[in-house]
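Comments concern the structure below.
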Amino acid sequence: MNAPMDNLRFGLAELAEDVKPVDLRDRTLKTSRRLGAQRAALTSALAVTLLAGGAGVALAVVDRGGSGPVVPGASASVTASPSHAPSPSAPPAAAFEPGTVYFVKGAQSPKVEVYRLDIGDCDLSLPLKCASTPTKLRTIGQMSDSCPGNSVVVSPDGRHVAWVNGDESGIAGDLIISDLAGGDPRQVEPNVICGGDHALVWSADSASIHIRKMDGTGSVGTVGAESGVYAVQQQKEWDKAVAAALGFRGTIGNGKLTVTEADGSDPRSISYTDPNGLDAVVVGVSADGRYAAAGRGSGDPSRQLGVAAVLDMTTGKKVRFAVGTVDWVAFQADGSMVVTVAGKPDRLYYLDAALKVTAEVTVPDTLGDAEPLRHVAG
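Residues in the sequence shown are numbered from 1 upward in steps of one, following the UniProt record's numbering.
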């Protein structure tokens with residue numbers, strides 16, 4: 001007898017006894033399930049790809065307050081609709097929060113009008129295409145001094161508007177505060193200067209207004225929005241409060257544009273001269289400090305009025321936007337911005353931090369000759 005062959009047969013017999021039929025059945029089922037899951041995942045991924053390529057991203061208008069309608073002045077949220085069977089690894093849908101834009105019309109005419117632009121009814125395209133509705137909030141009469149038009153400013157929370165009714169001097173007058181929801185305007189302080197690049201500056205919390213007075217002493221201070229009480233400040237204290245309200249310090253002069261943090265730290269400078277040779281001011285700085293907006297002449301940073309250029313502080317160059325020449329910008333806390341473009345008075349553009357258009361808003365003809373005054377987020 002061949003001993004090696006007998007040993008081999010004996011070993012194979014023992015192995016056959018160890019591998020029971022149930023083991024083979026279980027292994028077969030596990031393999032089948034794994035292959036089935038892989039095929040299902042591949043099919044789902046292909047379906048999602050085809051749907052995304054053919055139809056973009058489905059969007060829905062969502063009422064943040066529940067099932068009720070969106071009230072005037074409140075912003076509709078536009079967000080990507082979730083799938084009925086979302087993948088556990090899918091990122092959360094990004095919401096579009098247009099906020100509210102306030103406009104001033106007729107700043108140099110006998111009748112100054114303040115409007116609120118409510119944005120909604122966005123279609124399903126990318127970038128979003130949105131309609132808007134203007135609402136006239138306040139009409140302010142002014143004489144030849146143009147004090148109201150030069151000073152009218154909306155509070156950061158969108159609840160109040162303030163302006164100066166000029167006196168015979170034409171450069172100062174009575175400070176007026178009015179609730180944008182209605183009610184009579186309140187005359188709260190006399191001899192308030194109505195011109196310059198910091199005529200009226202709301203505090204960041206909308207609780208007070210920083211003013212300058214023409215009262216023989218040239219005093220500066222704050223007026224409580226609710227109380228109407230004036231509190232005198234030292235010039236350095238006032239400068240610090242104004243910088244905190246604006247969120248930055250900025251100067252243009254001697255061929256340089258310089259910006260710092262509100263506390264004066266982290267100074268950055270680039271070469272810049274106003275294209276028309278005017279004494280320009282910095283009217284805005286992005287949250288990360290990368291971009292600065294230079295005003296058209298002696299603009300007013302507290303009112304976010306028009307800009308001559310948006311400049312990249314890292315390169316010193318003028319930013320070139322795909323939408324055209326930007327003539328107004330409102331920088332947002334998340335790095336995005338809202339802009340208007342020269343030659344397109346019927347459009348507002350929302351750009352992300354990479355300057356890509358996320359939404360285009362049609363502005364009605366009613367505001368064709370109006371200027372954006374402030375964007376209120378939320």
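The beta-carbon is built from N, C-alpha and C at its ideal position, and this holds for glycine as well.
Whole-number beta carbon distance between residue j and residue i, since they are thought to touch under 8 Å
i      : j      : result
SER203 : HIS210 : 7 Å
MET337 : ILE270 : Not a contact, Cβ separation roughly 19 Å.
PHE248 : THR260 : 7 Å
GLY306 : TRP328 : 5 Å
GLY250 : VAL281 : 7 Å
ALA354 : ASP334 : In fact, because the Cβ distance is near 12 Å, the residues do not count as touching under 8 Å.
ASP274 : ALA308 : 6 Å
ALA104 : VAL152 : The sequence shown places Val at residue 104, not Ala. With 8 Å as the limit, VAL104 and VAL152 qualify as a contact, their Cβ atoms being about 6 Å apart.
Rounded straight-line distance, which links the Cα of residue j to that of residue i
i      : j      : result
PRO179 : GLU360 : The question names Pro, yet the displayed sequence has Asp at residue 179. Spanning the two alpha carbons is a distance of roughly 30 Å.
PRO156 : TYR102 : 11 Å
GLY183 : ALA287 : 35 Å
LYS356 : ASP346 : 19 Å
TYR115 : GLY99  : 14 Å
ALA80  : LEU373 : Any reading at ALA80 is ruled out, since the residue's pLDDT is 39, under 50, leaving its predicted position unreliable.
ASP121 : THR366 : 18 Å
ARG186 : VAL161 : 11 Å
GLY255 : ALA330 : 25 Å
THR325 : VAL229 : 43 Å
ASP123 : VAL341 : 22 Å
HIS375 : ILE177 : 19 Å
GLY378 : MET214 : 37 Å
VAL154 : VAL363 : 19 Å
ASP174 : CYS194 : 9 Å
TYR349 : ILE119 : 12 Å
GLY54  : GLN142 : Bear in mind that a pLDDT of 40 at GLY54, under 50, signals an unreliable position, so the model cannot answer this.
ALA244 : ALA95  : 29 Å
VAL283 : GLN332 : 14 Å
THR217 : ASN191 : 11 Å
LYS136 : VAL164 : 19 Å
ALA241 : ALA199 : 14 Å
GLY106 : ARG303 : 15 Å
VAL71  : GLU113 : Caution is warranted here: a pLDDT of 39 is assigned to VAL71, below 50, making its placement in the model unreliable, and no coordinate value can be reported.
THR315 : LEU246 : 24 Å
THR139 : SER109 : 12 Å
PRO224 : ALA262 : The sequence given here places Gly at residue 224; Pro does not occur at that position. Each residue's Cα considered, the two are about 22 Å apart.
LYS344 : SER144 : 30 Å
GLY253 : ASP266 : 18 Å
TYR291 : LEU351 : 13 Å
ALA40  : THR358 : Because ALA40 carries a pLDDT of 44, less than 50, the predicted location of this residue cannot be relied on, and no value is offered for it.
GLU371 : GLY221 : 28 Å
Which residues DSSP lists as bridging residue i, in chain order
i      : result
LYS136 : TYR115
HIS375 : VAL101
GLN233 : VAL220
GLN187 : ILE176
LEU351 : MET337, VAL357
LEU128 : ALA359
GLY120 : ALA131
GLY324 : PHE321
ALA330 : VAL338
Scan the stretch 140-184 and note each continuous beta strand (DSSP E) run of 3 residues or more that stays entirely inside, going in chain order. Given a length threshold of 3 residues, each whole run of the beta strand (DSSP E) inside the stretch 140-184 is given here in chain order: 160-166, 172-179.
Contact between the stretch 125-136 and the stretch 144-152: three or more CB pairs below 8 Å? Under the Cβ criterion (8 Å, minimum of three pairs), the stretch 125-136 does not count as touching the stretch 144-152.
Three or more C-beta pairs below 8 Å linking the stretch 229-236 and the stretch 316-331: No, because fewer than three Cβ pairs between the stretch 229-236 and the stretch 316-331 fall closer than 8 Å, the two stretches do not touch.
May I have a chain-ordered list of the alpha helix (DSSP H) segments no shorter than 4 residues that lie completely inside the stretch 235-318? List check, alpha helix (DSSP H) in window: 235-246.
Counting only runs that start and end within the stretch 189-217, where is the beta strand (DSSP E) found for 3 or more residues in a row? The qualifying runs are 208-212.
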